[in-house]
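What follows is the structure in structure tokens.
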């Protein structure tokens, strides 16, 4: 049954889709006098332009550009200067600038110069218009490169955890991104005024419902000010007393302290915004308050609390306790992740298996262990299979080897601002939350699953070794950001592994062992990558949704559990920068639906490409793997899937 058509045959394909597709969903029907239209017998290939995307370079929102590098298609390149000018003629007119070709480059590209600088979206639209000409292969800003950023903050040299031999390797990463546009919600003790923080702090909320613990005279309110978490002997279940920690202020400084201000310390994501959410006070914080705060911070609704006007794309939770994750924690985390918010949590400081600590043992979080300046696990850190990655957490037993960040100097109530070395997985976690902010400033649409995968792939082996379980290794900011910027080559795909847990993985037996909501999902013919069978989702050029499911059990003792499949995307969408039609891999475990990776019309290719999805978080569970294709109301995109596998070593 045909559904993917060139524009010439588009009307017929769409009409057939309405007749046949709607009947299966009860979404409406044609009028009684409308006769069905017979569709062509086979899906046709898209126009050639859908197979080859124009590569458009990225822009920094705060930067302006008047020079661009254009690489032309061979036909335009050899036709001469006047023909090349046709590529940017309409674009220049739309942007209100005059453009001239400056010189040819050794790489084969040409430098063109506008008579006025174009800033941010203006530069992006100009390049998109050049791409629409059909004459170019790529266009990018002729950006200015600078010496790797070295902050001038007076105590930056003491922050070994950023640039030391066994730190996160941040300086080169800052050349790619600084967190602009990202928001990190810090669920902690609240925050105090500090000149190294204030410019990066946005409105938050106080979720501490106990007025006696909060010390602010009321329950929940819109002021996340840290009033101090000090306590007298016997107040918190022990015989000892404690001073205020200013823990939330310290964590916030690691995430996004103001940087290059000739004062104090630097933050991991110095241009990100901090959203202080107070959940801890005297003697700690309640699970109910924390769960509501997770919902609110990610953009959900909480009864009696105004909705968050600036939902966070990352949540930092440098907190924890013993016991199993539980329904409340997991439901709140699942809700946040479903809204696209990454949840980064501390592994705990009890020098035990992190599976005994929550929320470290919850699903759908990034659990962070701590390393010391020697690049080994810190003596206090929790460990084991629940750990995803490790980041610097410090060791204050030795001078200068803790994590330096912002605090308040008051022993009980707030006093003056200051700085201090702390240690803990609480200090490691904001390193990773800040890292996520850097990643999302480059790709705001990055899903939590994609974030976790990128973090794990962007690690290096623990320099000091780790035999207790440190996850994928020590987070390496330069490695992660180079990969996000496309400067690292894509490795050749590994051969398909043996021991496949999926049944009928190549669709050679049609629909056997698979469940689909549309019968035309299962196809046969030469379009298959191997053999004769394949699955085809969408491709009608109208609004429709396809699902393709199979249940699979991931062994509890599995390591490196992965879904691999080969994907070919065919599209008639003309855009080079907008995701209109999407294929999402989802996992359903009975508690929630998790988006593990998304591809779109922008991934059009002339051949099948190997894709990999991490399933480690679902060890010991029977889950449903779902391929979900969603197509918008115009222009067809067909997602072809073949040779899928689920393996676990």
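Numbering (my numbering), first residue to last: 3 to 651.
C-beta: ideal position from N, C-alpha, C; glycine also.
Note that the structure is predicted; figures quoted are calculated from it, not measured.
Shortest Cα-Cα distance from residue 117 to any of 123, 438 and 104 involves 104. Between residue 203 and residue 433, the C-beta spacing is not below 8 Å.
Spatial neighbours of residue 456 in its own chain (CB-CB distance under 8 Å, excluding positions within 5 residues in sequence) are listed in chain order as 441, 448, 482, 485 and 486.
Distance from the Cα of residue 91 is smallest, within the candidate group 101, 83 and 647, for 101.
With a cutoff of 8 Å on beta-carbon distance, residue 376 and residue 190 are scored as not near each other. At a Cβ-Cβ threshold of 8 Å, residue 214 and residue 414 do not count as neighbours. A residue is called buried once 16 or more other Cβ atoms fall within 10 Å of its Cβ, and residue 428 is buried on that count. For residue 584, the enclosing beta strand (DSSP E) stretches over residues 584-590. Judged by DSSP in its simplified three-state form, residue 131 adopts helix. Within the stretch 53-84, the alpha helix (DSSP H) runs of at least 4 residues that lie entirely inside it are, in chain order, 76-81.
Taking all protein chains in view, the Cβ of residue 247 is crowded by 16 or more other Cβ atoms within 10 Å, so the residue is classified as buried. For residue 430, the enclosing alpha helix (DSSP H) begins and ends at 427-444. Ranked by Cα distance from residue 518, the options 163, 528, 544 and 552 are led by 552. Nearest to residue 391 by C-alpha distance, out of 642, 368, 523 and 399, is 368. Check the Cα spacing between residue 474 and each of 468, 318, 458 and 467: the tightest is with 458.
Counting only residues of its own chain and dropping the five nearest sequence neighbours on each side, residue 121 has a CB closer than 6 Å to the CB of 66.
Counted as a single uninterrupted DSSP element, the alpha helix (DSSP H) harbouring residue 331 occupies residues 328-340.
Residue 55 and residue 611 have their C-alpha atoms roughly 15 Å apart.
The residues 211 and 213, in chain order, have a CB closer than 6 Å to that of residue 221 in the same chain once the five nearest residues on each side in sequence are set aside.
Counted as a single uninterrupted DSSP element, the beta strand (DSSP E) harbouring residue 598 occupies residues 595-602. Taking the Cα of residue 573 as reference, the smallest distance to any Cα among 330, 567 and 583 is reached at 583. Across the set 177, 255, 229 and 145, the C-alpha of 255 shows the shortest separation from the C-alpha of residue 188.
Fewer than three pairs of CB atoms, one per stretch, sit closer than 8 Å, so the stretch 351-362 makes no contact with the stretch 459-466. In the structure shown, residue 270 falls within a coil segment according to DSSP collapsed to helix, strand and coil. The Cβ-Cβ distance between residue 297 and residue 348 does not fall below 8 Å. Note that the stretch 584-598 does not touch the stretch 556-564; fewer than 3 beta-carbon pairs, one per stretch, sit closer than 8 Å.
Within its own chain, the residues whose Cβ lies closer than 7 Å to the Cβ of residue 278, once the five positions on either side in sequence are excluded, are 188, 192, 193, 203, 206, 226, 250 and 254, listed in chain order. Residue 644 is bridged by DSSP to 568.
8 Å or more divides the Cβ of residue 229 from the Cβ of residue 285.
According to the DSSP assignment, residue 409 belongs to no alpha helix (DSSP H) but to the beta strand (DSSP E) extending over 405-410.
Shown here, residue 610 sits in coil according to DSSP, grouped into three states, outside any helix or strand.
In the structure shown, residue 482 falls within a helical segment according to DSSP collapsed to helix, strand and coil. Note on geometry: alpha-carbon atoms of residue 289 and residue 325 lie some 12 Å from one another. A direct Cα-to-Cα measurement between residue 638 and residue 545 gives close to 10 Å. Around the CB of residue 111, 16 or more other CB atoms lie within 10 Å, so the residue is classed as buried. Around the beta carbon of residue 379, 16 or more other beta carbons lie within 10 angstroms, which makes this residue buried.
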